[in-house]
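Asks:
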Amino acid sequence: MKTGRISCVLTALALAACSLTGCADNEVSTDGSTSMEKVIGFLSEAYMDKNSGVKVTYNPTGSGSGIQAVQEGRCDIGLSSRALKSEEAENLKAEVVAVDGIALVVNPKNTVSDLSLEEIAAIYTGKIKNWNEVGGSDSPVVCIGREAASGTRDGFESITGTADKCVYTQELTSTGDVIQTVASNPNAVGYASLASVSDSVSVVNVEGVTPSEKTILDGSYKIQRDFLLVTKKDSELTGTAKDFYNFCMSSEADEFIKKAGAVPVEK
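First residue of the sequence shown: 54, per our numbering; consecutive thereafter.
See below:
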């Protein structure tokens with residue numbers, strides 16, 4: 054009896070401590086798109102600066118994996134750079150937190166600076182095999198892309214009309230890997246979130262338009278997609294997770310989205 058009473062007392066004390074400290078409610082878990090790394094990073098840092106003791110975590114697994122993590126209850130908020138599929142939308146919902154351009158990137162030694170959507174499609178489907186066919190040097194084209202579950206790949210192939218037709222030299226698992234590979238190969242071309250592009254690669258104009266906040270907003274830059282926050286339909290966020298979500302979707306978050314290189318949506 055004494056042991057039982059002690060156990061009950063300890064449990065009560067633990068519950069009381071949780072009610073005072075918030076326990077797990079002071080942590081928010083996000084999972085998904087590697088293209089959203091900078092956006093979620095800036096938003097998380099800003100939110101944690103405002104809320105002492107709160108921790109926002111990010112698991113860069115890719116859009117498909119992030120969506121699955123929400124479905125299975127392994128994270129609070131999924132991050133996706135592609136739209137939900139019909140079967141996913143049955144029990145999940147997605148809201149646009151930002152808009153991002155998908156930049157076509159080449160090695161800085163590559164002299165090609167502008168391509169049409171038709172030329173881009175021809176390059177990625179193997180119809181154009183040498184850079185001299187689009188005004189570059191006499192060198193073979195090396196096509197770098199993302200793995201099948203990538204939201205960036207889904208967006209790029211949908212817009213360029215190359216779904217299931219691309220001939221990739223390498224299929225990589227993150228935006229950072231694409232940029233690093235293109236930066237190290239003079240003949241390589243890749244696509245990556247504009248928010249993640251560094252000085253180690255050169256951005257190619259598409260039909261005379263440079264990707265930027267202005268050209269993404271006015272629609273003149275054609276290769277663009279939405280960044281989404283994904284949650285369950287039948288299980289509303291609560292506590293800190295809900296508060297962080299609301300912060301991300303507020304006008305207060307706009308400056309941090311811009312700092313990350315993406316474009317805020319109208320609130």
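C-beta atoms are modelled at their ideal positions from N, C-alpha and C, and glycine is treated no differently.
Compute the beta-carbon to beta-carbon distance between Val81 and Asp129, rounded to the nearest angstrom, for a pair I have assumed lies under 8 Å.
Replies: A Cβ-Cβ distance of about 5 Å is found for the pair Val81 and Asp129, placing them in contact under the 8 Å criterion.
Asks: Please report the distance separating the alpha-carbon of Asn104 from that of Ala248.
Replies: 26 Å
Asks: Give the list of continuous beta strand (DSSP E) stretches no shorter than 3 residues that lie fully inside the segment 207 to 240.
Replies: 223 to 225
Asks: As an exercise, report each continuous alpha helix (DSSP H) stretch of at least 4 residues that is fully enclosed by the segment 125 to 179, in chain order.
Replies: 170 to 177
Asks: Contact between the segment 160 to 177 and the segment 203 to 222 is defined here as three or more beta-carbon pairs at a separation below 8 Å; is this criterion met?
Replies: Counting Cβ pairs under 8 Å, three or more are found: they touch.
Asks: Okay, do the segment 183 to 196 and the segment 160 to 170 touch, 3+ Cβ pairs below 8 Å being the bar?
Replies: yes
Asks: Just to confirm my understanding: we take Ala294, look at its own chain, exclude 5 residues before and 5 after, and list those with CB closer than 6 Å. What are they?
Replies: Val81 and Asp129
Asks: Hey, Val109 and Met302: beta-carbon distance below 8 Å or not?
Replies: no
Asks: Are the CB atoms of Thr87 and Gly115 nearer to each other than 8 Å?
Replies: Their beta carbons are under 8 Å apart, which means Thr87 touches Gly115 by this criterion.
Asks: Beta carbon of Glu141, beta carbon of Ile155: below 8 Å?
Replies: no
Asks: What's the gap between the Cα of Val257 and the Cα of Lys320?
Replies: 31 Å
Asks: Pull the bridge partners of Phe280 from the DSSP assignment, please.
Replies: Ala151
Asks: Pull up the distance between the alpha-carbon of Ser237 and that of Pro161, whole angstroms please.
Replies: Answer to the nearest angstrom: the Cα atoms are 10 Å apart.
Asks: Taking only the alpha-carbon atoms, compute the straight-line gap between Phe209 and Tyr298 and give it to the nearest angstrom.
Replies: 27 Å
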